[in-house]
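Asker:
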Amino acid sequence: MTFYFTGIRSFPKLWKSNPYLGLGPGHAYLSLLLKDCYGIRNYKWFSLKPMSPQNTKAMNLLIAKARYVRKRDEGSNKQVSADSPHLFAAGAAKKRSEMNPQSKDYFRPPVRNIVQLPTKPLNSEEWNKLKEDFKGKTNFENWILSQMVKYHSSIDVAKSVLAWVAANNNGVIGYDLLVKYLYLCVFHKETAEIIDVYEIMKARYKRLESGGYTLLIRGLIHTDRWREALLLLEDLKKVIIPSKMNYNDCIQGALLHQDVNVAWKLHQELLGHDIVPMLETLKAFFDFGKGIKDDEYSNKLQDILLYLRNNQLYPGESFAHSIKTWFESGQCLGCGKTVESIHLSSEEYEFLKERIMRDVIDGGDQYRKTTPQELKRFQNFVKYCPPFDIVIDGLNVAKMFPKARESQVLLDVVSQLAKQNLKVLVLGRKHMLMQNSRWRKDDMEKVQKQASYFFADNISEDDPFLLYATLHSGNHCKFITKDLMRDHKACLPDAKTQRLFFKWQQGHQLAIISRHPGSRITFQHILSYDTVVQTTGDSWHIPYDEDLVERYSYEVPTKWLCLHRKT
């Protein structure tokens, strides 16, 4: 029986750490400030903060619109549109509020301060001058960092504020300023800075308010010290019941680091407190479960679906897409069996990473076009950056659409990814920064504002940098290039390693399908299943080549034979 898998888709320190036990004198003010700037709810000393926005992906859903005709008001001849939404339809309240806008005469616009936020680090003299120009009645240091939090200023600018404060205060930074700086570090995923602030807070304070715990937990989950976030959660439990967001961050961290047992334990603990989980938390379990062949895990996901039903919860589009992808991922539509996942196990990933570093990065032929000094400079650059979500071969991507200006193509791709709050690295050559008809300086400045970047010498080879940054960032990181990496695969010493490399490549390389000016970039979905002959004991799934279809060595078949033993 011939079967087509048409339904399978998926996708150093600037201040002294003086010991100080207890909370700083500015703590009561801090709680109020956190509530205003961060949206944190307070429990006496404690406040809880929702952080970054959810990433969303477009998905086509059929939506039925309920129409009704509203009766004319008594004594009125005004006709009401039959397209007016149903009272309980999603978006109806917003439309009603737009039809009856509140008068704005009750509100006075706030008095704007004349001080503008700097866009680059300042020295002490420059900060002193800015403080002299400040006309506000509040503390300047608190005000300026609050504005940086509001507008998500760069870490370097915020760090120069702390250096200036420390120089004027015997090396001591107050708790409230530390928390604001920590917020920026977490927002920008600056893991090294997060750990620095964490060490200072541990040394200076016996306990924190919950806003501080919340930020540290969210920051630590992206580091190798993620389990210390679980210790902070335990500290928080001694005073209050942690928020759904605290549990969400710890669960996300456990799943990110492949500890699914800890994730389910925290989920059950959350439900035990009668707290409704964030939909983002439930979505994470479905995302993790794509391609997993485990009946127990599948049963738990079905329990989540029942939980949504019983509590009348509705997933958003992104969550619904995750549920659909999990349901379809790796499952043969002919016999219902789950096929092998494209994702490497943690052991396979570490093995492949070590081999690529040794045989391709350190032992390959990249030095013909890249000097050891430049590669070392890049390795140091990556070492002090947070893990990336996407690594882009900038020159390769920019040339994908020959009729378009290259800098505009690159900007379109980076902008779309940045809007999803993804940490992006752009790799390029120095000539891309020179103004000409194909590379506009203003386009490249916008790229650099939305992503990290590294521009190598014009003769350098990009691929070693791309492989290094992607592997160094972790198994979640994807990369974008048209290059199929055949030369680098050939550098690997044996068939097993080459096979793992190809499998990893299929699960991590994003392809751009189309670009429409002024519209979105369309990416090709990454398959969730591995295209190899495989068996589950009573069934076989065999990918095969069609007659008259020429397949290259770096391609895989698209048709499958599904064999199922009758009982």
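For what it's worth, my numbering labels the leading residue of the sequence shown as 1, then goes sequentially. Note that CB positions come from ideal geometry on N, CA and C, so glycine has one too.
#1: Going by beta carbon distance, what residues of the same chain come within less than 8 Å of Lys430, once the five residues before and after it are set aside?
#2: May I ask you to report which of helix, strand or coil DSSP gives Val533?
#3: Within the same chain, show all residues whose beta-carbon is closer than 6 Å to that of His188, passing over the 5 residues directly before and after it, in chain order.
#4: In three-state terms, what does DSSP make of Asp287?
#5: Reducing DSSP to helix, strand and coil, say where Lys489 ends up.
#6: Sorted by chain position, which residues of the same chain lie with C-beta nearer than 6 Å to Glu340's C-beta, five sequence neighbours on each side aside?
#7: Gly394 and Leu410 look like a contact to me (Cβ under 8 Å); what is the Cβ gap, rounded to whole Å?
#8: Determine the DSSP secondary structure at Trp226, reduced to helix, strand or coil.
#9: Could you check the C-alpha separation between Val149 and Leu182 for me, to the nearest Å?
#10: Which class does Gly253 belong to by DSSP, given the choice of helix, strand or coil?
#11: What separation, rounded to the nearest whole angstrom, lies between the Cα atoms of Gly219 and Ser452?
#12: For Ser103, I'd like the list of residues in its chain whose CB is within less than 8 Å of its CB, leaving aside the five on either flank, ordered along the chain.
#13: Which word fits Tyr552, buried or exposed, when buried means at least 16 other C-beta atoms lie within 10 angstroms of its C-beta?
#14: Taking the continuous alpha helix (DSSP H) assigned at Trp570, which residues delimit it?
#15: Identify every residue that forms a DSSP beta bridge with Leu427.
#16: Measuring alpha carbon to alpha carbon, tell me which of Glu406, Tyr247, Pro557, Thr138 ends up nearest Ser437.
#17: Taking the beta strand (DSSP E) that Tyr544 falls in, what are its first and last residues?
#18: Would you kindly work out how many angstroms separate the C-alpha atoms of Leu561 and Trp540, rounded to a whole number?
#19: Buried or exposed: Val161, going by 16 or more other Cβ atoms within 10 Å of its Cβ?
#20: Can you pull the DSSP bridge partners for Ala511?
#21: Alpha carbon to alpha carbon, what distance is there between Met278 and Thr214?
#22: Consult DSSP for Leu548 and reduce its assignment to one of helix, strand or coil.
#23: What is the rounded straight-line gap between the Cα of Cys477 and the Cα of Leu425?
#24: Among the residues of its own chain, which have a CB less than 7 Å from the CB of Arg355, if the five just before and after it don't count?
#25: With the cut-off set at 8 Å, would you say His273 and Trp226 are in Cβ contact?
#26: Report buried or exposed for Glu555, applying the criterion of at least 16 other Cβ atoms within 10 angstroms of its Cβ.
#27: Strictly by DSSP, which residues pair up with Cys385?
#28: Per DSSP, what kind of secondary structure is Thr338 in: helix, strand or coil?
#29: Between Arg440, Ile480, Tyr468, Thr371, which lies nearest to Val413 when the distance is taken from Cα to Cα?
#30: Between the Cα of Val157 and those of Asp287, Thr138, Leu122, Lys129, spot the shortest distance and give me the residue it belongs to.
#31: Between the Cα of Ser576 and the Cα atoms of Thr119, Lys137, Thr338, Thr138, which residue gives the shortest distance?
#32: Buried or exposed for Leu402, please, with buried defined as at least 16 other CB atoms from any protein chain shown within 10 angstroms of its CB.
#33: Let me know the secondary structure DSSP gives Leu410 once reduced to three states.
#34: DSSP has Ile480 in a bridge; who is on the other side?
#35: Gly289 and Ile342 - do their beta-carbons sit closer together than 8 Å?
#36: Short of 6 Å in beta carbon distance, which residues of its chain neighbour Gly253, apart from the five on each side in sequence? Order them along the chain.
Answerer: In short, the structure shows the following:
#1: Hits under 8 Å: Phe455, Ala456, Asp457, Asn458.
#2: Coil at Val533, not helix or strand.
#3: Correct list, in chain order: Ile155.
#4: DSSP places Asp287 in the helix class (H, G or I) of the three-state scheme.
#5: DSSP places Lys489 in helix when its eight states are reduced to three.
#6: The beta carbon of Glu340 lies closer than 6 Å to those of Asp530, Gln534 in the same chain, with the five residues before and after it left out.
#7: Taking C-beta atoms under 8 Å as the contact rule, Gly394 and Leu410 qualify, at a distance of about 6 Å.
#8: Look at Trp226 here: in three-state DSSP terms it is coil, with no helix or strand label.
#9: Between Val149 and Leu182, the alpha-carbon positions lie close to 10 Å from each other.
#10: Of the three classes helix, strand and coil, the one that applies to Gly253 here is helix, per DSSP.
#11: Their Cα atoms are separated by approximately 19 Å.
#12: Residue placement at Ser103 is flagged as unreliable, the pLDDT there being 43, under the threshold of 50; a coordinate-derived value is accordingly withheld.
#13: So Tyr552 counts as exposed.
#14: As shown, the chain starts at 1 and ends at 567. That puts residue 570 outside it, with no answer to give.
#15: Per DSSP, Asp393, Phe454.
#16: For Ser437, the nearest C-alpha among the options comes from Glu406.
#17: In the DSSP annotation of this structure, the continuous segment of the beta strand (DSSP E) that includes Tyr544 starts and ends at 539-544.
#18: C-alpha of Leu561 to C-alpha of Trp540: approximately 8 Å in a straight line.
#19: Buried, by the Cβ-count rule.
#20: Gln524.
#21: Linking Thr214 to Met278 through their CA atoms gives a straight-line distance of about 15 Å.
#22: The DSSP-derived three-state label of Leu548 is coil.
#23: Here the C-alpha atom of Cys477 lies approximately 11 Å from the C-alpha atom of Leu425.
#24: Excluding its 5 nearest sequence neighbours in each direction, Arg355 has C-beta neighbours in its own chain below 7 Å: Leu492, Thr497, listed in chain order.
#25: Not closer than 8 Å, so no.
#26: That one is exposed.
#27: Its beta-bridge partners do not exist; DSSP assigns none.
#28: DSSP, reduced to helix, strand and coil, places Thr338 within a strand of the structure shown.
#29: Checking every option, the nearest Cα to that of Val413 belongs to Ile480.
#30: Ranking Asp287, Thr138, Leu122, Lys129 by Cα distance to Val157 puts Leu122 first.
#31: Outside the shown range of the chain, which is 1 to 567, sits residue 576, and nothing can be said about it.
#32: Sequence check: residue 402 is Pro here, not Leu. Counting of Cβ neighbours within 10 angstroms places Pro402 among the exposed residues, the total staying below 16.
#33: Here Leu410 sits in helix by DSSP.
#34: According to DSSP, Ile480 bridges with Ile392, Leu510.
#35: No, Cβ-Cβ distance for Ile342 and Gly289 is not below 8 Å.
#36: Only Ile221, Trp226, Ala229 meet the Cβ criterion.
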